[in-house]
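Each remark here refers to the structure printed beneath this line.
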Amino acid sequence: MIALAQRRRVVGSRTAVGSTRLAAMPAVLVTLAAIVGSVWWGYLAMRRADGLAASAFDQAYFQQLLWSVSQGYGFRSSFNPGDFLGLHFSPLLVVPAALQVVWPDARLLSLLQVIALGLAVPAAFLFVRAVLRPSPAAGWTAVVLTAPMIIWPIYQQQLRADFHTESLALPLVFLAGWAGLTRRPLVMIAAALVALTAKEDQVYPVAVMGLLLAAHGPGSWRGTARRRGLWLVGLAAAWAVIVFGVVKPVLRAGVTYDTDGYYAWLGQGSELLRAPFDRTEAIVAALTRPAGWLVVGWLLVSLGGLAILRPRWLLLLVPPFVAHMLSRQIPQQQIALQYGLLLIVPAVVAAALGARRALAWWAVRRRRRGSGRHVEIGRIAVIGALVAVLAVGAAYGGGSVPPFSGVQARFWTRPPAIDRVRAIAAVVPPDATLAVDWGMASALASRQRIQVLTGLTDDAWLLLDADPYVSGYFRWADRTALVKGLPTSGRPLLVDDGRFTLWGPRGG
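Here the numbering used here is used: the first residue of the sequence shown is 1, the next is one more, and so on.
In structure tokens, the structure reads:
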């Protein structure tokens with residue numbers, strides 16, 4: 001009898017260990033997906049930077065800005081007038097600015113973005129799993145929804161856009177939601193506050209997360225956990241009022257930014273309120289552009305279409321979607337580059353609640369039919385596989401799999417030249433203005449004055465690439481005319497290594 005009891009204890013302990021390992025598998029799989037994806041993203045980002053194919057706006061812009069902060073010049077950049085915080089209130093930038101002391105290089109920003117987007121995957125997993133609990137399928141359903149994030153078309157667009165502060169906020173917003181659902185109020189508030197400092201538009205995803213917690217948080221409707229969701233909404237609203245109504249106007253100090261024209265066509269003040277009636281045709285035309293709808297469609301397909309099961313929560317996609325579509329800035333109205341990040345949180349919230357409804361319906365159906373547990377697991381596995389196939393299909397349709405393996409490969413396949421161009425640029429005095437081709441701007445942005453060719457002035461030193469990957473805001477025809485006219489422009493040719501040419505100031 002004693003031996004039999006001992007044998008049962010051993011079997012029981014082994015079963016418990018096996019169950020624990022099985023329960024941990026979803027988190028392990030999501031973490032592995034995030035790591036593999038982040039390594040791939042990091043490799044592509046480094047290849048792009050080394051090949052001088054990064055974007056001047058906004059990679060070079062942010063690099064010069066953060067270098068300026070690290071040198072004590074404040075949030076100033078030669079790409080835009082005035083204080084940057086008056087344009088975008090992003091005090092979180094002091095963190096990467098502090099790291100400039102260790103490595104004053106735009107590639108640091110690329111790595112920070114890759115890390116943030118990678119961390120958003122397990123953070124989203126924790127959030128979705130918390131929404132779905134206590135369902136036994138919560139962990140595996142969360143895996144299916146969040147593990148493919150790393151290849152979503154919206155993620156692929158963000159890598160094209162280079163560094164933006166929105167990417168730093170994404171894992172923090174999901175962390176705040178998870179903390180609220182698991183009764184960790186201090187973590188929730190801290191994560192939400194830091195996310196708000198990333199950029200002023202993060203008030204929206206934080207408010208969405210607050211609404212989710214207020215409606216579906218643990219406990220009763222009048223319970224403390226639900227009230228904390230309302231606190232989060234209130235925090236986001238108060239932050240919006242203070243930042244948009246007080247802080248940004250003071251820091252702007254009357255300076256005009258290039259973003260001011262994005263919505264100028266809608267009018268100001270009372271004109272803005274009358275715009276739907278006075279400019280009906282133009283607004284309808286803006287809202288029916290197919291590119292933006294396609295992005296939203298790929299996002300919903302990436303989430304297995306589950307968001308459609310909660311149409312009222314799906315409506316939370318409408319405000320940022322409409323704001324993007326009404327912009328006169330082409331990438332924004334296409335919801336390309338970094339602009340799609342603002343849609344991720346409301347889409348994941350709606351999909352998580354849709355999955356919750358589907359699992360609840362499935363549990364009721366199982367009880368009524370008396371289906372065996374193994375049969376139900378098999379059916380759920382088939383549906384999970386279908387959702388995963390949809391996510392991969394969306395990634396392929398909206399980009400490529402692996403990301404950027406075929407689409408826009410020229411970004412990543414150019415020969416390394418960053419050290420070569422920096423050696424030539426070292427000839428230029430550090431306090432002089434340097435004008436450069438679009439792709440090399442981020443590599444040379446750690447200086448006080450840098451321009452792209454559209455802002456060329458007579459006192460600027462000019463560094464050109466014989467093999468530029470794009471002309472940026474400068475038309476190819478205008479760039480060709482500039483290059484042809486240089487020998488008679490009065491600028492001395494100082495360096496010519498066969499690919500890069502350095503020209504001095506006019507008359508210098």
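Note that CB positions come from ideal geometry on N, CA and C, so glycine has one too. This structure is a prediction, so every number in the text was calculated from the model and none was measured.
For A435, the secondary structure class from DSSP, reduced to helix, strand or coil, is strand. Of all C-beta pairs linking the segment 160 to 169 to the segment 104 to 116, three or more are shorter than 8 Å, placing the two stretches in contact.
Secondary structure note for W503: its beta strand (DSSP E) is the uninterrupted segment 500 to 503. Comparing C-alpha distances from S55 to each of S70, F79, G74, I283 shows the shortest one belongs to F79.
Note that the segment 73 to 93 does not touch the segment 467 to 486; fewer than 3 beta-carbon pairs, one per stretch, sit closer than 8 Å. Here L326 carries a coil assignment [DSSP, helix/strand/coil].
Shortest Cα-Cα distance from P104 to any of S68, A120, V131 involves S68.
Rounded to the nearest whole angstrom, the CA to CA distance from A395 to P153 is 5 Å.
Listed as beta-bridge partners of W152 by DSSP are no residues whatsoever. In this structure, the beta-carbon distance from R447 to P430 falls below 8 Å. The C-alpha of V389 lies about 18 Å from the C-alpha of G354. When the five nearest sequence neighbours on each side are left out, the beta carbons in the same chain lying within less than 6 Å of the beta carbon of I424 are those of V495, F500, L502, in order along the chain.
Membership of W461 in the beta strand (DSSP E) is indicated by the continuous run 461 to 465.
Cβ-Cβ separation between L343 and P320: approximately 6 Å, consistent with a contact (criterion under 8 Å). When DSSP states are grouped into helix, strand and coil, I335 belongs to the coil group. Within the same chain, and ignoring the five residues on either side of L493 in sequence, the residues whose Cβ sits closer than 7 Å to its Cβ are T501, W503. Between W178 and A130, the CB-CB gap stays under 8 Å. DSSP places L494 in the uninterrupted beta strand (DSSP E) bounded by 493 to 496. DSSP places V470 in no alpha helix (DSSP H); its state is neither H nor E. By the Cβ neighbour-count rule, R491 is buried, with 16 or more other Cβ atoms within 10 Å of its own. When secondary structure is reduced to three states using DSSP, S110 falls in the helix class. Shown here, V401 sits in coil according to DSSP, grouped into three states, outside any helix or strand. In this structure, the alpha-carbon of A381 lies about 10 Å from that of V144. Annotation note: the segment 43 to 100 contains no uninterrupted beta strand (DSSP E) run of length 3 or greater.
CA-to-CA, the gap between L386 and G234 works out to about 39 Å.
Going by DSSP, V452 is part of the beta strand (DSSP E) stretching over 450 to 452. Counted as a single uninterrupted DSSP element, the alpha helix (DSSP H) harbouring W239 occupies residues 224 to 242. Sequence-distant Cβ neighbours of P148 in its own chain, meaning closer than 6 Å and more than five residues away, are A391.
In terms of Cβ geometry, V401 and I35 do not form a close pair [threshold 8 Å]. For the alpha helix (DSSP H) assignment, the uninterrupted runs of no fewer than 4 residues enclosed by the segment 191 to 220 are, from N- to C-terminal side, 203 to 216. Pairing A53 with A98, the inter-Cα distance amounts to about 25 Å.
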